Every structure is written in structure tokens, then in C-alpha cells.
Amino acid sequence: METKEKDILRGGQFLVKETKCEDVFTLEDLNEEQKMMRESTKEFVDRELWAHWERFEKKDYAYTEECMKKAGELGLLSVAVPEAYGGMGMGFVSTMLVCDYISGATGSFSTAFGAHTGIGTLPITLYGTEEQKQKYVPRLATGEWFGAYCLTEPGAGSDANSGKTKAVLSDDGKYYSITGQKMWISNAGFCNLFIVFARIENDKNITGFIVENDPGNGISLGDEEKKLGIHSSSTRQVFFSETKVPVENMLSERGNGFKIAMNALNVGRIKLAAACLEAQRRVINEATKYANERVQFKTPIINFGAIKAKIADMATNAYVDEAACYRAAKNIEDRIVIREANGNSHQEAELKGVEEYAIECSILKVAVSEHVQHTTDEGIQIFGGMGFSADTPMESAWRDARISRIYEGTNEINRMLSVGMLVKKAMKGHVDLLGPATAVGEELLGIPSFDIPDYSELLSEEKDLLIRLKKVFLMVAGSAVQKFGPDLEKHQMLLMAASDILIQIYMAESAILRTEKNAKRFGEGAQATQIAMTKLYLYRAVDIIQQKAKEGIVSFAEGDEQRMMLMGLKRFTKYTNQPNVVKLRTQIADKVAADNGYTFD
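Its first residue numbered 1, the sequence shown is counted upward by one per residue in full-length UniProt numbering.
Right, dumping it as C-alpha cells:
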């Protein structure tokens, strides 16, 4: 199907433009090749990873490396690599799919996989010269070599551009000497190649370098870090002492390192969200099987409402997260295709394609990492005392999930980024926020309609409510921008509240669009549980939006303005027909229990 530029929303435009359900991609749209890829990935995971999950808990770093080599032999490390450099050159959705289904068994392997295929390889494919790509990428694609990414330093974490590692040009101009300390480096213990960020002289921005791992060249490693989770992910400090790097190994241009780092993280964020999906599915499956089998008070615990509520919420989050992740992935893929058709190189097209949806990447990173944490926590609770035991995989799943809220930029950083980037896009004219925000302001002054709309069509009330939730964001964020202007970024608590509204809108809308699309093609009866999950998620989203909007309004508005905005909030979040939450949760849980697991992917 030909993709026309005008049909694709730009990043952030979901807030001010309607998306038709026919225009979103869902997991149900996978083609035969993608389905086969998913199956072969799951087979690899079940055979090599899930069957040996305890080895990953015992800090068996060698086994992680062995599994990475096997993944390389199966071609699983090369999905995103262009064919010209020995890869499969598959589209962005397919790369998401492999990242999703390979990541559910253990956080140790998924961290090694993500660090290698993402931030360890991508900077070269996206920013490298032809010579650099020919020299390094084929080795990385097959797993002959492994990559690592050296950005974080003891004094430079979230403030990535403040690194102290130095790169000094030699007198003959042939090489740079790199000296400095990097920490939390995934894959450090077995990698052959580092992407290293260092500062030349007193440059404002850092510069990227490709550095081969040669201990004889001033490179030494710290001990393996003792970590809460991801026990078999090799994580070490890396020390560079006058490490010589040929000038031709500079990545992109001098001072471009910060840009490389940020764009690599955009891809990393959406891939991290994907990597949290299969973990949720597997936890739901294990928890459901246990609850079906565990008998207390002469009945399986799955029959108790308290357990049903947990299963229903876990399944709902997983379903919504899938909807949002694959929606954004296809937007990125379509944007890449359009740019290539317009004559952009693959490098440029992929960079700009992902950059376009940086807001969505940050939203997904936050939402899905928090859902996987909640799911693993509830998984432990369903298992009860057994969940706390290291003999069942719940305990390790919970620990492994915790890192996902920290790496690829903390969730706090990503929350502020999502709103900050949206405001910047509005100022550049890429997303018209001012017009819709002004219209909402005028609507607040007008007389509300008391007509009850016709909600007979499937999800029509939910879609109407979603339109009004977008008005809540425009009302709160619009007033905050007017009040604080460029200083808004200093008001972090307000940004955090606004971002939570933004996140809930994107996630709820993605669920509505997925369900509406599938109900139209498969019939409402076949989607009864998905409809219930969509309604349940929206109900919960409305609660969060009410709370966060109120928090913002009472913190920056006073007097008549505050009263008017609170009345607007009430009007915009009002249901005509409140959903029966207990009935929805029971319906969802009963379906998951009957299927003995999650069957919506």
C-alpha cells in the first residue's frame, strides 16, 4: 500500500488532529513473514533463555555471551542492519517485533541484546562513513563482534553533555588520545568495540568515536557491578588512559556527539518500550497458570475478585502498550519510507524518521516501563509467598523490570522531554497548539451544551471523551505556557503533571483505535474482551488526568481563572454513561483465565 505524506500525522500531532482507525497499524496487521519471524524468535527464547532462566540469575556472564552468539547465528542481531552491510535490512516494525519477543524471558539477555543492536551498532549505521560501516557493521550484524556504548560518567548521567573524558589530537594529526572514565557500560565484559563520547579541547559539545577494545591500548575494565537485577548483563566501568584512536574513527563531525547520543536514545526508548511487552505477557501467563492451579478455601484463587482485578489490569496494560508501541513503530517506518522515496539516504531517512516521533518515543518509554514494573509486582502478589522466593521467576522479573525506568533517560527526564519537545514543535509551527488552545479558552467562556449525544455506535462515547481529554491538556498546558513562557522548563512539577495527561491521552487513544479497527474487520463479538480492556483503560486514564490537571490548575491559577478551569475540567472529563468497572474487570479476567494466559497479541 502506497503511503502518502499527507496521511501521516507528524510527531505530536495526535493531540490536535483526528486519527482514523484505518490509519493505525496493529499487531493484527502483521504479514506472514513477520509472523514467522515472531515464531522463530519465540522458539529461540523458549529454548535458549526461558528454559535456563536460573543461569541468568547466577551471574553466568559467559552464558549471556553464548546466547548472543547463537542469536547472531540465527540472524536476530542483524534485523535492523541494511543488507549492504550484511544485515536483513528489515523495516522498523520488524525490528520492533524481534526486540519485543526476544526480551521477555530475562532482563539480562534483553539488556545485552538492546545495548548491542541499538546503541552499540546504530550510531555507526546512522552516522558512520562508508568506510566505517563496511569495516565494522558486518561483524556486529553477525555477532562476530559485540558493541558497547560509553556515554555515562561518574559526574555525567542525565546531564550527558557534561562528560569530562578528553580527546587530544596528536602532533602529527593522525590520532586522538582518549583519557577518562565511563560507568554502567553494558556488554563491557565481552565487547570488541566501544562507541565512546569525549570532549575535544573546550568544545561546547562532546564528540563520538569508534574505539576497538584493545587492552594493550590503554583500556582497562572495573569489576562486574553488583546490581539489583539484570544479574548476567555484563556491566562494568571502562577506563581509557591515552587510548589512541585513528582520526578516521571519529563518528560524524567534531562536536556532534551530543546529537548522536540523543538520537540513539530516541530509537533506544521505543525499543525499550517494545522490550517490556513480552515480559508483561510472560508474567501474565505465569500468574494466570498459578492462579488457575492454586487452591485456597477449596477454590482456585483465580475465582476470587481480588485476583481477577489484578489479572484484568495486567492484561489491559499489556494490550494498550502493544497498541501504542506498534502504532508509533509504523508511523516511524512510514516516515522513513517517504524520506527514502524523496531521495534521502537510508541513514538520513531513519534518523529523521525516528526524530520526528521523539515525543511518542518518550511517552512509550515512560508508560510501558511503569506498566511492566506494576505487572511484575502484581505477579509476585498473585504467587504470594512463592512469588517472593527466588525459586520462581517472579522475583527476578520484578528486579529486572526496575532498571527500565532508569536507563535510556530516566522516566522523569522523559516526562519533561515529552512536553518540552511538544512546546518546541509548536513554536516552530510543526504542531499547531496555539489555535486549538485558544479555541478551548473560548469554549470555557461559552455556555455548555446540555444535549445528550447519540452514543449508540461502538466506542462513540469513548472517542468523544478522548476529544475532551485533549482539551484538558490544551487548557492546562496552554495556560502554563502563557503564564511562564520559556521559563516553563524550570517548573518541573507542572511539566510532570502535564506529561502524565499527555501520556494517558496517547495510550488510551491507541487502544481505542486498535479496538475500533479490529471490531470493524473481525466483528464486535470477536473483540468483546478487547472492547472491555479499552473501556477499562480509558476509565483509569480519566482518573489520572483529573488528578494531574487539578494539581496543575490549583498550583498556577488563582481566583476566577482557577474556578473557570476547574469547571472546565469537570465538564471535559464527564461521562454520560459511567462504565461498570467491576463487570469489565470480571469479563477480562474470565477470558484470560479461560485461555490460561494472555492471548491478545
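Here a beta-carbon is modelled for each residue, glycine too, at the ideal position from N, C-alpha and C.
Everything numeric in this text was worked out from a predicted model, so none of it was measured.
Query	Result
Other residues of its chain near Arg-254: CB distance less than 8 Å, five sequence neighbours each side excluded	Ile-200, Asp-203 and Thr-207
Inter-residue Cα distance where the pair is Leu-474 and Glu-551	15 Å
Rounded C-alpha distance that separates Met-507 from His-430	22 Å
Limits of the unbroken beta strand (DSSP E) element including Ser-369	Looking at the DSSP string, Ser-369 is not in any beta strand (DSSP E); the run it does join, the alpha helix (DSSP H), is 358-383.
Extent of the continuous alpha helix (DSSP H) to which Leu-584 belongs	581-595
Pro-246, DSSP secondary structure in three states	strand
Neighbourhood of Gly-120 by C-beta, 6 Å cutoff - its chain only, sequence neighbours within 5 removed	Gly-147, Ala-148 and Tyr-149
Ile-311 - DSSP class collapsed to helix/strand/coil	helix
Backbone secondary structure at Arg-88 - three-state DSSP	Inspection of the sequence shows that residue 88 is occupied by Met rather than by Arg. In the structure shown, Met-88 sits in coil (DSSP, three-state: anything other than H, G, I, E or B).
Phe-92 beta carbon less than 7 Å from that of Glu-333	yes
Beta-carbon proximity check, Cys-21 vs Glu-516, cutoff 7 Å	yes
Cβ pair Thr-111, Ser-233 closer than 7 Å	yes
Inter-residue CB distance, Asp-601 and Leu-27 (contact presumed, cutoff 8 Å)	5 Å
Same chain, Cβ closer than 6 Å to residue 603, five either side skipped, listed in chain order	It is not possible to answer for residue 603, since the shown part of the chain is limited to 1 through 601.
Uninterrupted alpha helix (DSSP H) stretches inside the segment 272-320 (no shorter than 4 residues)	277-293
Leu-76 in three-state terms, based on DSSP	coil
Burial state of Asn-31, where buried means 16 or more other Cβ atoms lie within 10 Å	exposed
Cβ-Cβ separation, Glu-462 to Thr-576 (assumed contact under 8 Å), whole Å	That belief does not hold up - the Cβ atoms of Thr-576 and Glu-462 are roughly 11 Å apart, past 8 Å.
Unbroken stretches of the beta strand (DSSP E), 3 residues or longer, contained in the UniProt domain "Acyl-CoA oxidase/dehydrogenase middle" (148-241)	166-169, 175-186, 193-200, 207-212 and 219-221
Reduced DSSP category for Leu-351 - H, G, I as helix; E, B as strand; rest coil	helix
At least three beta-carbon pairs within less than 8 Å, the segment 391-404 to the segment 272-279	yes
Reduced DSSP category for Leu-251 - H, G, I as helix; E, B as strand; rest coil	strand
Asp-100 burial status per 10 Å Cβ neighbour count (16 or more: buried)	buried
Own chain, CB closer than 7 Å to Val-16, minus 5 neighbours either side, in chain order	Val-431, Asp-432, Leu-433 and Pro-436
Burial state of Phe-197, where buried means 16 or more other Cβ atoms lie within 10 Å	buried
From Lys-226, Ala-541, Tyr-61 and Thr-165, residue whose alpha carbon lies closest to that of Trp-184	Lys-226
Glu-83 burial status per 10 Å Cβ neighbour count (16 or more: buried)	exposed
As assigned by DSSP and simplified to three states, the class of Lys-398	Strictly speaking, residue 398 in this sequence is Trp, with Lys absent from that position. If DSSP states are grouped into helix, strand and coil, Trp-398 belongs with the helices.
Closest Cα partner of Glu-65 within the set Glu-144, Gly-87 and Ser-40	Glu-144
Whole-angstrom C-beta distance between Arg-585 and Gly-536, which should lie under 8 Å	Correcting the residue identity first, residue 536 is Leu in this sequence and not Gly. Confirmed, Cβ separation roughly 7 Å.
Residue ranges of each alpha helix (DSSP H) within the segment 104-143, 4 or longer	107-114, 122-127 and 130-142
Nonlocal neighbours in the same chain, by C-beta distance under 7 Å from Tyr-539, ignoring five residues either side	Pro-579 and Val-581
Inter-residue spacing [alpha-carbon to alpha-carbon] between Glu-43 and Glu-212	33 Å
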